[in-house]
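One structure is given here, and the rest of the page talks about it.
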Amino acid sequence: MQPLRDLIERHKAGEPVGVYAVCSAHPLVLKAALKQGVADNSLVLIEATSNQVNQDGGYTGLTPADFYQLVCSLADDIGLSREKLLLGGDHLGPNCWQHLPADEAMEKSETLIAAYVEAGFRKIHLDCSMSCAGDPIPLGENMVAHRAARLCQVAEQTWQRVGGEAPLYIIGTEVPVPGGAHELEEELAVTEAGDAAQTLDMHQTAFAALGLDAVWDRVIGLVVQPGVEFDHHKIIHYAADKATALSRFIETVPGKVFEAHSTDYQADTAYCELVRDHFAILKVGPALTFAMREALFALDSVEREWLGEHRASHLRETVEQVMRQEPDYWHRYYSNTGHQRYLDCQYSFSDRIRYYWSHPVVDAALKTMMQNLTELPPPGTLLSQYLPNQYRAVIRGEIGIDPEALIIDKVMEVTRIYSRACGCVTEEK
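First residue of the sequence shown: 1, per our numbering; consecutive thereafter.
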């Protein structure tokens with residue numbers, strides 16, 4: 001993880017550089033991120049969240065070791081050096097086991113942390129901000145810090161046992177809801193500089209109480225709320241003037257930057273401002289699967305027009321039907337009814353449709369569509385209609401006409417924005 005530490009040092013020295021963390025488990029999104037790294041000759045930070053990937057498989061069915069091997073295999077295929085590849089764990093703590101008593105939830109969290117470190121993940125977000133069964137709501141800051149230190153101790157013990165690079169840590173409790181908020185007010189309260197200082201102080205004290213003083217130097221980031229968020233159809237954009245005090249505070253803290261979550265869908269210039277203002281680690285994910293969904297829906301239209309309804313895979317209709325039959329991943333989030341619910345399920349910025357692409361029935365339809373359009377490539381006129389940017393890339397000879405290349409390039413429209421903001425790309429493609 002030395003390249004990440006070097007980047008943080010460059011940032012702290014005044015260079016406006018950062019890194020974006022791709023939080024997604026879909027292979028097409030992962031390939032896009034890895035290809036962006038190859039194009040930029042830059043670091044690629046891939047993160048798995050505790051609900052995506054855990055010792056029980058998470059909603060992806062992957063353990064930390066499975067996910068680590070998947071990403072490494074894709075990186076090898078694409079030609080990204082392992083030295084440029086960084087893997088992290090996001091929201092590692094009792095998030096998945098909040099329904100259990102705290103003792104049981106923390107035991108499972110310890111197993112989770114150990115599994116991530118043992119697999120090779122070396123950027124660890126210690127997130128114990130959630131209350132478990134029997135806990136007060138909200139959980140007190142001292143208890144949050146104590147539990148985070150306890151998990152850090154497990155991570156250190158695991159690392160000392162398995163070897164490799166020393167883990168780097170992210171702390172902080174002001175984490176936006178993963179995947180976007182349910183409903184937004186007109187603006188968000190930016191974290192107060194005094195609250196950020198208190199979080200750092202309490203965690204440092206908790207670390208010291210467990211004999212982890214030497215580890216504190218490897219805490220590289222603090223999660224705060226910079227005033228950005230999104231819900232189903234609305235985005236709160238970054239307002240730099242509201243984060244001035246917070247930004248100036250972190251300049252006084254050696255070796256540490258801010259990590260900003262839910263930064264998807266911001267204006268291009270906002271990402272540059274966030275990095276400049278020391279939110280040097282940008283967590284992203286739904287905007288990437290949102291772009292992938294746009295590409296898949298576009299190709300579904302291309303396929304039906306090109307090959308006819310009888311031969312087409314009907315991918316879009318298939319995923320709509322599966323979402324109706326198995327609403328577990330969206331029904332608690334989309335409270336509207338009728339046509340508005342349809343719009344939420346299909347087009348929401350929170351992109352809960354992303355949970356369904358790996359469903360066996362949906363995946364089978366996707367594979368059929370990919371095979372159809374590979375065996376019988378569509379004419380450029382249809383590509384121009386539904387994927388105009390990708391069509392121009394095809395005629396420039398930058399990508400092939402195969403469906404995977406088209407999808408990945410669509411996702412890379414987003415990764416290019418992040419790369420420019422983080423100092424990786426200087427010119428528009």
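The beta carbon of each residue, even a glycine, is placed where N, CA and C say it ideally should be.
With a threshold of 7 Å on Cβ separation, who are the neighbours of residue i within its own chain once the five nearest residues in sequence on each side are excluded?
i    : result
D127 : H91, L92, G93, N95 and V175
V362 : T318, V319, V322 and Y356
E303 : A312, S313, M369, N372 and L373
H99  : A133
G308 : none
N336 : D344
P378 : V302 and W306
I408 : L28, K31, A32 and K35
I137 : S131
Please name the residue, chosen from the options, that lies closest to residue i on a Cα-to-Cα basis.
i    : options                   : result
R416 : R161, H314 and V38        : V38
L86  : P286, C23, T173 and L112  : C23
Y347 : D363, D402, V302 and T289 : T289
E305 : G380, S129 and M130       : G380
N51  : M292, I113, T173 and V71  : I113
I46  : D40, G58, L151 and L70    : L70
P327 : C345, H310 and C272       : C345
Q266 : A240, T252 and T173       : A240
Y418 : Q55, D268, D66 and E156   : D268
V144 : M130, H331 and A155       : M130
S42  : A270, L30 and V19         : V19
K108 : I171, H331 and D56        : D56
I124 : G89, R5 and V414          : G89
A243 : D264, A196 and L212       : A196
Rounding to the nearest angstrom, what Cα-Cα distance links residue i and residue j in this structure?
i    : j    : result
A102 : L376 : 56 Å
V53  : T60  : 6 Å
L431 : A298 : Outside the shown range of the chain, which is 1 to 429, sits residue 431, and nothing can be said about it.
I8   : S350 : 30 Å
Y68  : E110 : 19 Å
G400 : F230 : 34 Å
L296 : A48  : 23 Å
K84  : C422 : 15 Å
A181 : A260 : Interpretation of A181 is limited by its pLDDT of 48, a score under 50 that renders its predicted location unreliable; the figure taken from the coordinates is listed afterwards. Distance between the alpha carbons of A181 and A260 is about 15 Å.
K429 : Q371 : With a pLDDT of 39 at K429, under the threshold of 50, the modelled position of that residue is not reliable, and the figure given next carries that caveat. Using only the alpha carbons, I get a separation of about 29 Å.
A25  : Q160 : 28 Å
K367 : P403 : 11 Å
H339 : N142 : 46 Å
R354 : P3   : 31 Å
Q198 : V284 : 26 Å
E251 : A287 : 30 Å
Y329 : P27  : 20 Å
A189 : G227 : 6 Å
T63  : H232 : 29 Å
A155 : P360 : 35 Å
T426 : L151 : Residue placement at T426 cannot be trusted, given a pLDDT of 44 that sits under 50; what the coordinates show is reported in the next sentence. So the alpha carbons of these two residues sit roughly 39 Å apart.
Q157 : L383 : 53 Å
E294 : M412 : 13 Å
I170 : Q225 : 14 Å
K410 : R352 : 19 Å
A365 : A214 : 52 Å
Cutting at 6 Å between CB atoms, please list the residues of its own chain near residue i, excluding the five before and the five after it.
i    : result
R122 : M1, E165 and P167
A105 : P94, W97 and C132
L210 : A149 and Q153
H146 : A206
R276 : P16
A193 : A245, L246 and F249
R341 : Y334
C272 : A421
A65  : A119
V394 : I401
V414 : A287, L288 and A291
Looking only at its own chain, which residues have a Cβ that is under 8 Å from the Cβ of residue i, when we skip the five neighbours before and after it?
i    : result
D300 : A312, S313, H314, L315, R316 and M369
V177 : Reliability of the predicted coordinates at V177 is poor, the pLDDT of 44 falling under 50, and the value obtained from them is presented with this limitation in mind. For V177, where only same-chain residues beyond five positions count, the Cβ hits under 8 Å are S262.
V44  : V22, A33, L34, Q36, G37, A75, L80, K84, L85 and L86
G14  : none
With a threshold of 7 Å between beta carbons, is residue i in contact with chain D?
i   : result
L74 : Protein chains in the displayed structure number just one, and chain D is not present.
Is residue i close to the ligand GDP? I mean its beta-carbon at under 6 Å from any heavy atom of the ligand.
i    : result
W330 : As far as ligands go, the structure on display features none, and thus does not contain the ligand GDP.
_Whole runs of the alpha helix (DSSP H) within the stretch 287-359, excluding any shorter than 4 residues_ = Complete alpha helix (DSSP H) runs here, min 4: 315-325 and 338-347.
_Cβ contact check for the stretch 111-118 and the stretch 74-85: 3 or more pairs under 8 Å_ = No, because fewer than three Cβ pairs between the stretch 111-118 and the stretch 74-85 fall closer than 8 Å, the two stretches do not touch.
_Assess contact between the stretch 187-207 and the stretch 320-327, defined as three or more Cβ pairs (one per stretch) separated by less than 8 Å. Is contact present?_
no
*asked:* Under 8 Å: do the stretch 216-223 and the stretch 245-260 share three or more Cβ pairs, one atom per stretch?
replied: Yes, the stretch 216-223 is in contact with the stretch 245-260.
_Could you tell me which whole beta strand (DSSP E) segments of length 3 or greater appear in the stretch 59-118?_
85-92
*Is it a yes or a no for the stretch 235-242 touching the stretch 384-397, going by three-plus beta-carbon pairs under 8 Å?*
Remark: fewer than three beta-carbon pairs, one from each stretch, lie closer than 8 Å, so the stretch 235-242 and the stretch 384-397 are not flagged as touching.
*Just list the beta strand (DSSP E) runs in the stretch 136-176, keeping only unbroken ones of 3 residues or longer that don't cross its boundaries, in chain order.*
168-171
*Counting only runs of 4+ residues fully inside the stretch 182-243, write out the alpha helix (DSSP H) ranges in chain order.*
193-209
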